[in-house]
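S.K.:
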């Protein structure tokens with residue numbers, strides 16, 4: 128059966144328009160805040176692991192593209208706060224053609240079940256991972272109790 132070229136083109140054009148509509152609907156569905164699928168909003172940035180090592184807490188946070196100048200770590204009583212910013216500007220004399228890495232500002236706080244020694248807090252960043260060591264105060268550290276036979 129022979130068809131006119133214009134009919135074939137119209138069918139193809141309608142199929143592309145339908146596919147574009149489906150793509151837009153999927154974008155709205157999977158990126159909308161209604162379902163809570165905005166990962167930065169629901170999980171928080173940066174993604175972290177907090178481990179109790181007995182005599183200290185160790186927090187590791189993913190901070191890709193950030194240096195020690197971009198991150199601020201503060202401890203007040205038993206609350207650790209991470210904050211910082213990532214700027215996304217083109218160098219002087221250059222034009223941006225595509226921008227997928229948006230500027231970012233963040234702040235997250237973590238509370239601890241026991242007191243930490245503020246004098247022994249250490250933070251370092253290496254390969255996009257921030258590591259914070261928070262030593263517990265002497266009274267909060269676990270103690271080994273000797274067991275005796277009676």
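Numbering (our numbering), first residue to last: 128 to 277.
Note that CB positions come from ideal geometry on N, CA and C, so glycine has one too.
Nothing here was measured: the structure is a model prediction, and the numbers come from that model.
Alpha carbon to alpha carbon, how far is residue 213 from residue 230? Give it in angstroms, no decimals.
M.R.: Within the chain shown, numbered from 1, the residue matching residue 230 stands at position 103. Within the chain shown, numbered from 1, the residue matching residue 213 stands at position 86. So the two alpha carbons sit approximately 5 Å from each other.
S.K.: Quick one, which of 251, 246 and 150 has its alpha-carbon nearest residue 205's?
M.R.: Against the chain shown, residue 205 aligns to sequence position 78. Nearest option by C-alpha distance: 246.
S.K.: Could you please give the first and the last residue of the uninterrupted beta strand (DSSP E) stretch that includes residue 233?
M.R.: What you label residue 233 is simply residue 106 of the chain shown in a count that begins at 1. It spans 231 to 238 - the beta strand (DSSP E) in which residue 233 sits, taken as one unbroken run.
S.K.: Any chance the region 220 to 230 sits against the region 136 to 144, with 3 or more Cβ pairs inside 8 Å?
M.R.: Cβ pair count under 8 Å is below three, so no.
S.K.: How many angstroms separate the CA atom of residue 235 from the CA atom of residue 200?
M.R.: Within the chain shown, residue 235 is the residue found at index 108, counting from 1. Within the chain shown, residue 200 is the residue found at index 73, counting from 1. Computed Cα separation, rounded: 10 Å.
S.K.: If you run the structure through DSSP and keep just helix, strand and coil, what is residue 167?
M.R.: As a position in the chain shown, residue 167 is number 40, starting the count at 1. In this prediction, residue 167 scores a pLDDT of 45, lower than 50, which makes its location untrustworthy; the coordinate-derived value is nonetheless stated afterwards. Of the three classes helix, strand and coil, the one that applies to residue 167 here is helix, per DSSP.
S.K.: Under the rule that 16 or more other beta-carbon atoms within 10 Å means buried, what is residue 173, buried or exposed?
M.R.: Counted from its first residue, the chain shown places residue 173 at position 46. Flag for residue 173 reads buried.
S.K.: Taking the straight line between their C-alpha atoms, what separation do you get for residue 193 and residue 211?
M.R.: On the chain shown, residue 193 is found 66 positions in, with the first residue counted as 1. On the chain shown, residue 211 is found 84 positions in, with the first residue counted as 1. Computed Cα separation, rounded: 9 Å.
S.K.: Determine the burial state of residue 198: buried for a count of at least 16 other Cβ atoms within 10 Å of its Cβ, exposed for fewer.
M.R.: Translated into the one-based positions of the chain shown, residue 198 becomes position 71. Buried, since its Cβ has 16 or more Cβ neighbours within 10 Å.
S.K.: Starting from residue 208, trace the beta strand (DSSP E) in both directions and tell me its first and last residue.
M.R.: Position 81 of the chain shown, counted from the first residue, corresponds to residue 208. Unbroken beta strand (DSSP E) run through residue 208: 206 to 213.
S.K.: CB residue 183 to CB residue 263, shorter than 8 Å?
M.R.: For the purposes of this step, residue 183 is taken as residue 56 along the chain shown, with counting starting at 1. For the purposes of this step, residue 263 is taken as residue 136 along the chain shown, with counting starting at 1. Taking 8 Å as the Cβ cut-off, residue 183 and residue 263 qualify as a contacting pair.
S.K.: Quick check: what's the CA-CA separation for residue 155 versus residue 171?
M.R.: Within the chain shown, the letter at position 28 stands for residue 155. Within the chain shown, the letter at position 44 stands for residue 171. Each residue's Cα considered, the two are about 21 Å apart.
S.K.: Taking the beta carbon of residue 274 as the centre, do at least 16 other beta carbons fall within 10 Å, making it buried, or is it exposed?
M.R.: In the chain shown, residue 274 corresponds to position 147, counting from 1. It counts as exposed.
S.K.: Take the Cβ of residue 146 as the centre, count every other Cβ of all protein chains shown within 10 Å, and call the residue buried at 16 or more, exposed below.
M.R.: As a first step, residue 146 must be located in the chain shown, where it is residue number 19. Exposed is the call here.
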